[in-house]
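Chains as they are written, first to last, in the working numbering: chain P, -7 to 213; chain C, 340 to 572.
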């Protein structure tokens, strides 16, 4: 379980929240605190007060895979192979194992053809696929995705949805503005002005969003 | 009458290529395609910002054009949000009030959340009328309510050519014509709703509504909801 208690950070305030293993999707308006919340879960930011514990360990002592909503902010290296290899190189894995792991990860994601490309030549969607590969290649316990799907087409999303689900990450916490994606979640959190307004399964939450742009067209069909 | 004509436009890079022919008349056009299919490259070529390796582009009666890039941070020139508005020739107070960012006019545009920066950028772009408006992934980073507002704003445009390059599948404006990039080639799918039967990237919601016997008239959220209501009676 991820246990959050009395969390305060900038405009974000959450008294108590339990996140169970599985896919947790966050949605809500721009500026409602979604990215801030994801950064705290990933250990990129530390709360002003309160705690986040992932199975009794703080985020910074947990294996985390992180994908930023700004594609260019994910990329540190010149070419795609080096970018995906970087988490393994930081762990001082052997060159042979890094080579085979990166190639199999790229193959699973359908981006083998990008491995020799310079990252600055990639399209926005391709950058996100490379960022996701780099986040998954070290098999994190928690995968945190900040609107990475806003740069992907439906076909890429469908493929990546399967890859994410079979990645072995115990907790997948993601933010999206695609309600077709949000439908396929175990838990749904709806944020507004730094607070969680609604939480539960999609079956619980979507009826509460009827009449808003967040209500899926086919929900009742 | 304004129009832009692509004559055997061709681009090539390593194992990738793109060829495009067709005429874009006045109205709102949607250009779909997979990641890396060349949507942004085509937008840059149509804007005249990339040299054409092959073919030609003719612009008739187009005296003003604008390309909105996928990444709003690439447009930023002002040190503050107010300066950024001024750089686009719009009055900061007026435009910031309209998009709910009045309290942020003195901070750096790069301190805004990505969604806020996209809102600011699009408000500045849409404050003026252009004969040719090219919008590359205008919906990325916007929340659902803002996507709806953007669709409404695009729908208010009464003249000129607007071309939306996007893979957005859920919240879109009503469009005049649908195009897609398939197998490295720009394909004219036609006008909705007939275009749906040729459109390989047809959004799943339109496919499901059609399969349920209620084909929407167009691709806007209102059209989809109207079709959904027909099913629900």
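Cβ atoms here follow ideal geometry from the backbone N, Cα and C, with glycine treated the same way.
From which residue to which residue does the alpha helix (DSSP H) around residue i run?
i, result
"residue -7 (chain P)", "Premise fails: residue -7 (chain P) is in no alpha helix (DSSP H) and is neither H nor E."
"residue 519 (chain C)", "First-last for residue 519 (chain C): 516 to 521, but that is the beta strand (DSSP E), not the alpha helix (DSSP H)."
"residue 205 (chain P)", "No alpha helix (DSSP H) contains residue 205 (chain P), which DSSP labels as neither H nor E."
"residue 493 (chain C)", "483 to 494"
"residue 172 (chain P)", "171 to 174"
Using the C-alpha atoms, what's the distance from residue j back to residue i?
i, j, result
"residue -1 (chain P)", "residue 133 (chain P)", "22 Å"
"residue 487 (chain C)", "residue 167 (chain P)", "19 Å"
"residue 518 (chain C)", "residue 527 (chain C)", "5 Å"
"residue 438 (chain C)", "residue 202 (chain P)", "24 Å"
"residue 36 (chain P)", "residue 50 (chain P)", "11 Å"
"residue 296 (chain C)", "residue 71 (chain P)", "The structure shown does not extend to residue 296 (chain C), since chain C is modelled only from 340 through 572, so no value can be given for it."
"residue 381 (chain C)", "residue 475 (chain C)", "10 Å"
"residue 536 (chain C)", "residue 31 (chain P)", "43 Å"
"residue 349 (chain C)", "residue 478 (chain C)", "27 Å"
"residue 179 (chain P)", "residue 427 (chain C)", "42 Å"
"residue 418 (chain C)", "residue 459 (chain C)", "14 Å"
"residue 61 (chain P)", "residue 186 (chain P)", "18 Å"
"residue 158 (chain P)", "residue 436 (chain C)", "45 Å"
"residue 431 (chain C)", "residue 444 (chain C)", "8 Å"
"residue 333 (chain C)", "residue 513 (chain C)", "This structure leaves residue 333 (chain C) out entirely; chain C is present only between 340 and 572."
Could you work out which residues of chain C lie near residue i, taking near to mean beta carbons separated by less than 8 Å?
i, result
"residue 121 (chain P)", "374"
"residue 185 (chain P)", "Ordered by position in chain C, no residue passes the 8 Å Cβ test against residue 185 (chain P), which lies about 12 Å from the chain."
"residue 34 (chain P)", "Correct list: empty, because the minimum Cβ distance to chain C is about 16 Å."
"residue 144 (chain P)", "374, 506"
Taking C-beta pairs closer than 9 Å, name the residues in chain P that residue i reaches, listed in chain order.
i, result
"residue 486 (chain C)", "169, 205"
"residue 563 (chain C)", "209, 210"
"residue 544 (chain C)", "172, 208, 209, 210"
How is residue i classed by DSSP in three states: helix, strand or coil?
i, result
"residue 430 (chain C)", "coil"
"residue 461 (chain C)", "helix"
"residue 73 (chain P)", "helix"
"residue 198 (chain P)", "helix"
"residue 98 (chain P)", "helix"
"residue 414 (chain C)", "helix"
"residue 187 (chain P)", "strand"
"residue 361 (chain C)", "strand"
"residue 343 (chain C)", "strand"
"residue 84 (chain P)", "coil"
"residue 64 (chain P)", "helix"
"residue 35 (chain P)", "coil"
For a contact defined as C-beta to C-beta under 8 Å, what are the partners of residue i on chain P?
i, result
"residue 458 (chain C)", "22"
"residue 483 (chain C)", "19, 169, 171, 204, 205, 206"
"residue 510 (chain C)", "205"
Starting from residue i, find everything on chain C with Cβ-Cβ shorter than 7 Å and list it in chain order.
i, result
"residue 27 (chain P)", "452"
"residue 62 (chain P)", "453"
Which residues in chain C sit within 9 Å of residue i, going by Cβ to Cβ distance?
i, result
"residue 190 (chain P)", "Ordered by position in chain C, no residue passes the 9 Å Cβ test against residue 190 (chain P), which lies about 14 Å from the chain."
Taking the beta strand (DSSP E) that residue i belongs to, which residues open and close that run?
i, result
"residue 111 (chain P)", "Run containing residue 111 (chain P): none; DSSP gives neither H nor E here."
"residue 56 (chain P)", "56 to 59"
"residue 473 (chain C)", "471 to 475"
(message) So within the stretch -2 to 30 of chain P, which uninterrupted beta strand (DSSP E) runs reach at least 3 residues, ignoring any that extend past its ends?
(response) If we require 3 residues or more, the beta strand (DSSP E) runs fully inside the stretch -2 to 30 of chain P come out as 4 to 11, 14 to 20.
(message) Which runs of the beta strand (DSSP E) at least 3 residues long sit entirely within the stretch 122 to 167 of chain P? Give them in chain order.
(response) For the stretch 122 to 167 of chain P, whole beta strand (DSSP E) runs of length 3 or above, ordered along the chain, are 134 to 138, 163 to 167.
(message) Please give the ranges of any beta strand (DSSP E) in the stretch 372 to 409 of chain C, keeping only runs that are unbroken, at least 3 residues long and fully inside the region.
(response) Here the runs fully enclosed are 393 to 399, 404 to 407.
(message) Report the start-end ranges of each beta strand (DSSP E) in the stretch 498 to 555 of chain C that is 3 residues or longer and not cut off at the edges.
(response) If only complete runs of 3 or more residues are kept, the stretch 498 to 555 of chain C shows the beta strand (DSSP E) at 500 to 504, 516 to 521, 524 to 529, in order along the chain.
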